[in-house]
Structures are given as structure tokens and as C-alpha cells.
Amino acid sequence: MKKYQPEVFEEKWLDWWEKEEVYKTSPLASEPERKKQYVLSMFPYPSGAGLHVGHVRIYTGTDVLARFFRMSGNLVLHPMGWDAFGLPAENAAIKAKKNPLEMVPENIANFKRQMKRLGFSYDWDKEFTTTEPKYYRWTQWLFIQFFKMGLLYKNEVPVYYCPSCKTGLAEEEVLPDGTHERCQQPITRKTLPQWLFRITSYADRLLEDLKELDWPEGIIEMQKNWIGKSVGAEVNFPLKKIPGVRFSYKFVKVFTTRVDTLFGVTALVVAPEHWLIEDIEHQQVKLPKEKFAEIKDYVEKAKRKLDLTRTDLEKEKTGVDTTLKAIHPLTNEEIPIWVADYVIGWYGEGAVMVVPAHDERDFEFARKYRLPIRKVIANPEAKDGELSQALTKFGVLVNSGEFSGLTSKEAIEKITEKLQTLNLGRKKTTYKLRDWIFSRQRYWGEPIPMVFCQNCARKKITYWDIQREKKSFQFENEELSNLYGWFPVSESDLPLKLPYISSYEPAETGESPLSRIKEFLEASCPNCGKPAKRETDTMPNWAGSCWYFLAFPFWSKKDQSKSQEVTSKEAWKAMMNHYQSWLPVDWYLGGAEHAVLHLLYSRFWVKALSDLGLLTFREPFVRLRHVGMVLAEDHRKMSKSFGNVINPDDVIKEYGADALRLYEMFMAPFSSEIAWSTKALQGCYRFLKRVWELYNRVNWDQVAKNSKENLKLVAKLNRTLKKVTEDIPQIKFNTAVASMMEFLNEYEKNPQGLSKARAKKFLQILAPFAPFLTEEIWRGIFKEKKSIHLSQWPEFETVTEEEIEIPVQVNGKFRATIKIHLSKIKNLNEIKRESLKIEKIKRYLKGKEYEVIYIEGKVINFVHQ
RNA sequence: GCCGGGAUGUUGGAAUUGGCAGACAAGCAGGACUUAAAAUCCUGUGGUCGAAUAGACCGUGAGGGUUCGAGUCCCUCUCCCGGCACCA
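Quick note, this note's numbering runs 296 ahead of the 1-based positions in the first sequence.
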């Protein structure tokens, strides 16, 4: 008999499948009666290291789904592409002293070779890389559409900067101790103009639409928290006038969710970034020398801290009294104003009211600096006298003037109303979500297709002054003035190609290296035609991954006309008219590390595109499922430095691709983190080997003549068919595999027990997991002409078994089972009689009175005192 | 601290969603084959008491509760993993 040697036949089938175009995407329009399934895994960044066994897990998961749906008569879109722009690629290239333009294709080639070898059923005609101009011309075009609708603006934003390397840095290049990871020198911040996306305008819809998604609970929760909606009130505290001083603003605004505690305010705290502090720094407000120095010193220190350091290492609250005062809007009392770095400039109004009696943090702060603590909420649990901790619960107001006696809930409404009539406050909603910085001062990204004209800027001309298009969003004054003279590159000039340059390390000024390329920099103004400068910032890694799932439906390497030759609204609409019915993505599988950013950004783009009339749906991913991480055998992360990395190539060489695939599906529930085990992999290999040997051993001509099948085995087969059919769309791959193993254990005991037709059914359900072995038997032994992967998924026959077993309990404890004919399942007397025939049960019930509880077909329970 | 997920034999895990806990796999032990080893096959394998494949009791992180019946539901607590973190 032939031995199971996967290396002998696996590669052969790869060629056949390619030649026969087994995994080609069917045109959707041709068969409107068939359901579509768009099956997608988060596409990889192709690093030099090649595929990780963790990649194999997720891609096998989508592959099993895709194969299952394909065999079940659905039209399947199952593509793969490469997310190759971004910092990791650039840094890897710097290290290897290569240009990423050369390095990326090498990495892709290796990834692709490994994926093909694993038998993933991608339609490779749909492959693209985010770094090809043919792709990123659309990324740039989308940027321009978003700009035109007013979704982008420019603002000064601090970036991390390494004074020693003279380069701008990404947050991930900064170590937790505030030093640069490459040179270990301390970093600072530098303020540079950046493009920002107005994602906050979509906060409510991003929150609201979470309801319609079939996503893991945890992810939905994390997105909610990230958006962080909170409803409360804005309160204006007028500044106490100082003769001869003009403050930049009349009020210190604070945001609070507990306006009911307003009468308990004993101080205000502003962030070091607050405008009031700037007033002090610019000496608009004269303070005594020592006080000025103290504040300046405190603020300087805070600014130098990273957000990380400021929050992580500063457990003890610190602050400085500015000696300035504000006026309480309702009591007219004077309230001291402090500065403290626990208040963050970008959340709320960058200032808070301190209510020590009813907020834990404020309580701590007040104790340290001996601020008065004033109780304004009565709480039945709290005794009178000095508070030992803050009372944060809702209650009834006391010491609150006309509002005393109201409940917190009523008071929040009444006090807000009162403030509103006084023009000193209003109802307000804030979000944790911030606008999204979309500029990178880096080489390896899509060039931002914008041009700046000094001449037009001087004349205060914006894009909307010269175009009829209306913007959908209102700009604040400063935001608009920052856009004077900025115009998008003409759409017909796209792609704006990233130039090949030999030295692409970040520039000394913190600017992008593109700023040094004269030919790139120089442009003419789309409005007045005078010399202008190109934007030299590039887009972040997210840009390509925010819409790649929209591109797969229309993408074709062979037929380039599908993705159109020009970038224009008409071209986009033409593509979408044809291919949009593939969208949205039906099954999106990926790691939990993308729970927030990638998934939120993609949702945002889709909503904006839908508002622009460029898409007809509002959510990109109908179903999201998690894949758990694969750890090394020692339960640590796989890492070269630990020497515990498993290379898929080695595994395939020794056990074959089928065994690796099967093991990755069997190892644990798909979403669980799991440690690699070569021993357990060998178990899967043995299983496949036994399948091979069984199908080779049986004399199929003989079986065909033998009309008597083993009914028990047939029933077992049908149970297995059912189990696998139901488990796959529930992403319960591990139990699907287990049930097939169970079946094989039975089948081996009686290899003549199934007809050829039934034996083939088992092969078919195994096919998504082990595509090579099953194809080899399907065509080799059963002489089928067409691939097993294009065969029809087997229906299971409902076999109602004649007899069922019912557990018998006494006082809820399992004691025995009885067998009962299915026709008698409703007959309690019969079941009781059968149960009482058992010696053991008789013994337990001897001389006792009892009741009987019978749950039809499930259990009978005798209950006595 | 907050949010989310989890804790089941020696190990990974299963349990029809409230009805026979430990499927399937790994490991281990014993046996067969072999000069021997590997591979393969067979048998056993939660714990305690028992000669027992007789039977009994205990057993799903800990404690309590609901129920005829709890790994599954409720309350309290412990520990582990992931995310966020002075969020007003």
C-alpha cells in the first residue's frame, strides 16, 4: 500500500488548481439567485521574516470558511493583498540599508510563496499592494474627496522629536522612559502643522451604528469606551477682574457631568496647556516674580513629560495655585484657580471644577492642598461631620440655595437651565475621541496630494472660494485660515508618485524627507498658476488599510480596465455600480489588537464615503470574528531572541500543509490564545495518515457490490456531517475537527461499512481543512474529473434513531440510564416502569414516597424526602 | 482604579446552552510487533476507599444562593489575560 507522503502530491495539486482556475471569483451579476459571501482576513504587512504560524491560523480560518461557502453553492470573494506602507517597513529598510521600494516586493514574494504552498484558496487575480501607484492613486483620490467635503483641516500639533538624531518620531519609537529607542537620548516635542481628520463629527454615528453589527461584545465595548461619549454641562466661571489686565477670554469654561454638585465647588483646576496659563506666560497677567517662576517651572516640567509619563509615573497629584480667582456663576463667591497636570488639555475644556466632597480625585487634591470641602449632596449612608472619603453617589441636594431638596437628577436639569438663562452655561456632550492626525513626516507613505500657494494664501483664498462645491462641515476661524492657499492636486494628475530617493531618513527639521527633493516640491498653483509648493507629508499606514476591502471587488490584475484608467467620480461610480453588490464584507477575521484603531477608522471612511454618495452602505464589516494569538511552546511570544520561533516552512516539509492547517484549526477555539505544541500537531498528522490508509485499503469495487451498509456507521456519518456543517459558520473549527476524528475512529472499525457515495461525503467535509489529501483521494482513488473543491457540499440525512437513552436520577443524582423506543417518549408510565425495573433505582427508593419529574426525552428524576 | 474576557484531569480543550462532567487530542503507564529503537497497533488513565471492569463518596478557582437538578443562572471574593487609564 502507498504510504502517506504529502510531499509527493501536495505541490502537484497547486499547479492543477491554478490551471483549472478552481478559486476564480465568479461574476456576481451572472447568478443573482445565489448568495454572496465576502470572506476576508485582515491583510498582512509583509515583513522580511516570512509567515508566522499565527498568520497560518487566521488565513486557514478564512480559507475553511471560503471553501465551505464555495462548496455550499455561494458566490465567494476571497482575496489577499499587502499592506506595505508604514513605519515598520521603512525602519526595516533603513536597517537593511535598502530602499523599501526594493525590499517590499522581495518580502511579498516570500509571503506569497508560503501562502500558496499552504493551499489558501485566494483568487490571486485580485492581489494588490497598497504601495503600487495603481492602488494609491485611489487612496489619494479619496483624500481629495474628503478634503473637498471639509473633513480635513490643518493645525499645529506637537510631535515627538529627537534633538540628538534631529528627526521627528512616531510615538512607538519613544521608549516609556522618554528616550528615543535608537539613540537612547531624551526626546522633546516640536510643534508642526499637520493634516487632521474631523472624525469627531462622526462620533455619534460611530457609536450609534455599533448596534447593528455582529461583532464580539468586547470589541463593541472597547469602541464605545474609545469614543467615550459623556453628556453633561459646560459651566462658565467669569474671571475676577484685575485692573489693567485683559485676559484672552472672559470665562474659564469647565465641563462636568455632575452639575448638581456646583455649589460644592471650592477651586478650579486648569491644564498646563490652558490659555490662561499662556496668558500668564506671556505676562499679560503680572504675577509676583516668585509665583511666576513657580508656575513657569511647573508648566515646563509638565510639557516635557510624555503623555505616558504624565499619567503613569505621576501617581501623586501635584499642582500650583495661580492666585488668580474666578467667580462662582451662582453664588458669586471667589474661587481660586490652580494649575495641575492631571488635567489634560485636550479633553473637555482643559479645565475642571473641583468638588472635593463628591469626587474622589478632587477629594485627594483638596486634602493635599488644604482646600475647603463642602458637602452639597445628602447621602443617607454618610454620617455628619468630617468626610473620610468622597461621596460620589447621586442623592438629594443640600446647601445649594434654591436647589436644595432636589434630587441630583432633577438638579442637573434645573441648574443647567438656570445657567443657560444667565448665559453662563449650557447642556453639552463631549467625547474622548479626538480628531485624527493624518500627516507623517516620513518617506514611506502615500504623498498627500495637496499644493500650497503663497500668493493665494496672502489673498486669503481657500479651495471653496474658487469652487462651487459646498463643504459639509463648518470650520473654526483658525482652521479655515490655516487652509488659505491650499488646493488639491488635479484628479487627472493622480497618482502623485512617491519619488525614488536614495536617502529617505527623516529630515533634520522634523519635516518629511520629500521636502529635500526639489523636483517633487515644485509645483504650480491650480488656481493662479504661479509657482507653488507641494505638501511633503505622507499619509499614515492606516490610509491604505482604511479602504482596501472596497478595492478587492473591482480589482483585477489581468483586466486592468475594471479598476479604470482615470481617477474621477465617474470612474469610481462606474466601478461601484458594477461591483458594489459584493460589499460590505460578510466575514472579517483578525486579531484583537485592531479592536479600536483600524476598525474605527475604516468605519469612519465608509460613513464619509456614504455621505458623499460614493457608497450605498454605512458599515464595512457585517461580521467580525477574532483570532487568538499563537504563542511558542514555552508559552512566551515567539521571538528570534528567545529562539522559540516555529517556521511554517519547516513544519510543511516534515508533516505537509494539510497537517499544519488541520492542527491550527484543532488546537483550540479560534479566538483563544494558544501555545504551539508539536506533539499535538503530530496527532493531526496521524489522523490524516489514517484517513489516507483507510481509503487506500478499502477495495471500493467490492464495497460497491456490497449493498449492506452498517446503519450505525451511517448514522454516525450523518451526525458528523451535521456537526461540521453547523460548526464551520459558527467558527467552531476545533469541534468540527474533533467530530471528524471521532467518526474516523468508528469508521476504522468497519471499513466496509459505508458505500462509496457515503465515503465520499466524509472526504468532502474534510476538504476545507485538508484540501490536498482529499483532492488526491477524490481524483486518485475515486477517479473524479472535477476538483473536490468545486463539488457540492453534502447534505446530511436526518436519521431518527429508533431508541434513545434517558438518564435516570434519584434526587438529582445520576444513577442509571434506560433505553426507550422513540414512540414511547411521551409515555411517562412506561418510562417510570422501565426505570423502576433497575435494581439500583429500586434500592434507592425502597420504602420511600417520591415524586417524579420527567423532562421529555432528556431526563427522569425521582425525588424523595 | 475602570472596562472586557477567563479559571474544567498531567496538558490543549469538550459539554446538545439548566439535564450522564472530562468528547477529541496530547502526555503517561502496560502490552503486541522488533535483535533493539523509532514508527504502528491494542488496553488503561479525574481523585479517595475497595481485590474488583462490585459499589460508594468527592470533584469544573473559593464561599454562599436559586432549582427536582448548576461547569452553565444570581451574589460575594481570589487569581490570570487583554484593553484603557488622573476622562471631569
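Just so it is clear, CB atoms sit at the ideal spot from N, CA and C, and this is done for glycine as well. Please read these numbers as outputs of a predicted model, since none were measured by experiment.
Residue from the options with nearest C-alpha to residue i
i, options, result
"E513", "K450, L920, C980, G909", "L920"
"K1115", "F699, G1153, V335, I591", "G1153"
"V555", "P625, V565, G524", "P625"
"I440", "K1144, A389, F783, K1079", "F783"
"L502", "Q876, V902, Q1026", "V902"
"V1020", "Y498, A953, L361, Y643", "L361"
"N695", "T712, K689, I669, L715", "I669"
"L715", "L885, S337, T627", "T627"
"K1136", "I1151, T1113, E586", "T1113"
"K1120", "Y1140, G1108, V1106, E1099", "E1099"
"K280", "R764, E423, P323, L620", "Missing from the structure shown is residue 280; the chain here goes from 297 to 1161 and no further."
"Y1146", "T356, A1053, H1160", "H1160"
"Y431", "L729, D379, Q490, I1077", "D379"
Residue i - partner residues in DSSP beta bridges
i, result
"P743", "T834"
"I733", "L492"
"P454", "T487"
"R663", "Beta-bridge pairing links R663 to no other residue."
"R722", "E530"
"K1082", "According to DSSP, which records beta bridges pairwise, K1082 is partnered with nothing at all."
"T552", "A529"
"T703", "V692"
"Q1105", "F1110, N1157"
"A828", "A819"
"L535", "A622"
"T426", "T426 pairs with nothing; no bridge assigned."
Beta strand (DSSP E) segment containing residue i, residue limits
i, result
"H922", "917-923"
"W883", "881-887"
"A622", "616-623"
"M649", "647-650"
"N1157", "1155-1160"
"I1121", "Taken as a continuous stretch (DSSP letters only), I1121 belongs to no beta strand (DSSP E), as it is neither H nor E."
"P784", "782-784"
For residue j and residue i, the rounded distance between their alpha carbons
i, j, result
"Y759", "C752", "10 Å"
"M399", "P791", "21 Å"
"N837", "W740", "9 Å"
"P944", "R812", "43 Å"
"D505", "W511", "12 Å"
"V304", "K520", "52 Å"
"W868", "L910", "8 Å"
"G560", "V651", "5 Å"
"I259", "G806", "Outside the shown range of the chain, which is 297 to 1161, sits residue 259, and nothing can be said about it."
"A1063", "S1083", "10 Å"
"H348", "F407", "10 Å"
"F1061", "E327", "A quick correction: the sequence has Ile, not Phe, at residue 1061. Using only the alpha carbons, I get a separation of about 25 Å."
"R413", "I1149", "58 Å"
"L794", "E742", "7 Å"
"L1009", "E316", "35 Å"
"L609", "H476", "At L609, the pLDDT of 44 sits below 50, so the modelled position is not reliable; the number obtained from the coordinates is stated separately. Approximately 18 Å between the Cα atoms of the pair."
"G369", "L776", "54 Å"
Residue span of the alpha helix (DSSP H) that contains residue i, given as start and end
i, result
"S337", "Counting along the chain, S337 falls outside any alpha helix (DSSP H), though it belongs to the beta strand (DSSP E) covering 332-337."
"F938", "Note, F938: premise wrong, no alpha helix (DSSP H); not H, not E."
"Y643", "No alpha helix (DSSP H) contains Y643, which DSSP labels as neither H nor E."
"W271", "A question about residue 271 goes unanswered here, because the residues of the chain that appear run from 297 up to 1161."
"R1129", "1124-1132"
"T1016", "1007-1023"
"H894", "893-907"
"W309", "302-316"
"I354", "349-367"
Whole-Å CB distance - residue i paired with residue j, under 8 Å assumed
i, j, result
"G697", "V531", "That belief does not hold up - the Cβ atoms of G697 and V531 are roughly 15 Å apart, past 8 Å."
"P965", "F913", "With 8 Å as the limit, P965 and F913 do not qualify as a contact, their Cβ atoms being about 30 Å apart."
"Y456", "I483", "5 Å"
"I631", "T618", "About 12 Å; that fails the 8 Å criterion."
"I744", "M835", "6 Å"
"E306", "G952", "6 Å"
"M925", "E861", "Actually they are not in contact, since the Cβ atoms of M925 and E861 sit about 42 Å apart, beyond 8 Å."
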